[in-house]
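Colleague:
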Amino acid sequence: MMKMNSSCRGRRVLLVIISFGLFFMKPTEAGRTIIDITHTYNNIISVWGDVDGSKPIIHEQDGHSFQTGEFTLGTHWGTHVDSPQHLLSLKKNPISAINLDLQTLIGPVLVVRIPTGVRNINAQVLRDLDLPIGLERVIFKTDNTDRRLMNQIPFEWNYTGLVPDAAAWLAQNTTLKFIGLDYMSVAAYDYVVPVHDILLNKPGVIPVECLNLEGVEPGYYDVYCLPIKVAMEAAPVRCILMK
Numbered sequence: 010m011m012k013m014n015s016s017c018r019g020r021r022v023l024l025v026i027i028s029f030g031l032f033f034m035k036p037t038e039a040g041r042t043i044i045d046i047t048h049t050y051n052n053i054i055s056v057w058g059d060v061d062g063s064k065p066i067i068h069e070q071d072g073h074s075f076q077t078g079e080f081t082l083g084t085h086w087g088t089h090v091d092s093p094q095h096l097l098s099l100k101k102n103p104i105s106a107i108n109l110d111l112q113t114l115i116g117p118v119l120v121v122r123i124p125t126g127v128r129n130i131n132a133q134v135l136r137d138l139d140l141p142i143g144l145e146r147v148i149f150k151t152d153n154t155d156r157r158l159m160n161q162i163p164f165e166w167n168y169t170g171l172v173p174d175a176a177a178w179l180a181q182n183t184t185l186k187f188i189g190l191d192y193m194s195v196a197a198y199d200y201v202v203p204v205h206d207i208l209l210n211k212p213g214v215i216p217v218e219c220l221n222l223e224g225v226e227p228g229y230y231d232v233y234c235l236p237i238k239v240a241m242e243a244a245p246v247r248c249i250l251m252k
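Following our numbering from start to finish, the sequence shown increments by one per residue and tops out at 252.
Structure follows, in structure tokens:
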């Protein structure tokens with residue numbers, strides 16, 4: 010039998026190492042764009058139903074060597090998700106923000122533009138969008154973004170949101186679980202309770218509210234939207250899109 014010299018053995022070992030590495034190497038994220046769709050928590054932010062905004066939420070103090078701080082947030086302030094426990098009628102539901110299905114909050118999403126001028130998103134508006142069959146995640150971009158409503162402190166009652174027949178249409182005719190919108194509620198102001206009642210009573214549906222869609226074009230993305238692990242009826246989230 011012919012003996013293998015040390016240089017041949019070295020080359021074989023190198024080839025094995027390279028092959029092993031290539032086999033287990035995961036695709037990199039090189040070339041992908043990250044778009045942060047989370048609103049920033051400034052010291053005073055716009056909050057639901059208040060013309061003056063929030064009380065100061067950030068408190069900082071200087072120590073001997075470090076600066077430390079604390080912040081106080083409402084669970085529905087800024088970009089956040091709702092759980093079934095948001096409804097008093099579902100208060101005993103075991104699903105709070107702490108155990109929402111993270112698989113729903115991560116994955117392919119379609120950003121859809123609601124036609125300009127629409128305030129109440131009804132079922133006919135949704136039918137006209139011709140959403141793909143089997144779609145699990147959707148984000149509705151509306152005039153709320155164009156009007157930059159989250160950049161003003163006073164709450165805006167006349168924002169764009171879903172009305173009950175739209176919520177019923179989504180619940181009955183689609184496979185959607187992730188439903189996002191660009192103001193403080195997915196529901197139009199006059200229909201907040203019935204819309205949430207319809208959506209949150211469908212198992213697995215997660216409303217994702219107050220998304221920052223400035224500069225986001227309609228189309229497909231991957232969304233990563235992770236809530237703070239807090240056992241409450243809602244939770245702030247950090248949401249990003251990747252293209």
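From the three backbone atoms N, C-alpha and C, an ideal C-beta is built for every residue, glycine too.
Kindly list the residues whose CB is nearer than 8 Å to the CB of Leu-99, restricted to its own chain and excluding five residues on each side of it in sequence; keep chain order.
Modeller: So the qualifying residues of the chain are Pro-93, Leu-209, Asn-210.
Colleague: Looking at the unbroken alpha helix (DSSP H) that takes in Leu-99, where does it start and where does it end?
Modeller: Neither: Leu-99 is in no alpha helix (DSSP H) and is coded neither H nor E.
Colleague: Short of 6 Å in beta carbon distance, which residues of its chain neighbour Val-138, apart from the five on each side in sequence? Order them along the chain.
Modeller: Here residue 138 turns out to be Leu, not Val, going by the sequence shown. Result list for Leu-138: Val-121, in chain order.
Colleague: Hey, would you say Val-172 sits closer than 7 Å to Asn-221, going by beta carbons?
Modeller: Contact: no.
Colleague: Could you pull out every residue in the same chain whose Cβ sits closer than 8 Å to the Cβ of Arg-136, ignoring the five residues on either side in sequence?
Modeller: Closer than 8 Å at the Cβ level, and outside the excluded window around Arg-136, lie Trp-178.
Colleague: Which runs of the beta strand (DSSP E) spanning at least 3 residues fall entirely within the region 144-181, listed in chain order?
Modeller: Taking only runs of at least 3 residues, the beta strand (DSSP E) segments lying wholly in the region 144-181 are 146-150.
Colleague: Buried or exposed: where does Ser-194 fall if 16 or more other Cβ atoms within 10 Å of its Cβ makes it buried?
Modeller: Counting Cβ neighbours within 10 Å, Ser-194 comes out buried, since at least 16 surround it.
Colleague: Cα separation between Phe-75 and Tyr-192?
Modeller: Using only the alpha carbons, I get a separation of about 36 Å.
Colleague: For Trp-57, I'd like the list of residues in its chain whose CB is within less than 7 Å of its CB, leaving aside the five on either flank, ordered along the chain.
Modeller: Excluding residues within five positions, the ones whose Cβ falls inside 7 Å are His-85, Phe-164, Met-193.
Colleague: Can you tell me where the beta strand (DSSP E) with Met-121 in it begins and where it stops?
Modeller: Residue identity differs from the one stated: residue 121 is Val in this sequence, not Met. Where Val-121 is concerned, the enclosing beta strand (DSSP E) stretches over 115-122.
Colleague: Between the C-alpha atoms of Ser-63 and Asn-153, what's the straight-line distance to the nearest angstrom?
Modeller: If I take the Cα positions, the gap works out to 20 Å.
Colleague: So, with DSSP's three-state summary, where would you put Pro-65?
Modeller: It is coil, neither helix nor strand.
Colleague: Run through DSSP, which three-state label would Arg-128 get?
Modeller: Three-state result, Arg-128: coil.
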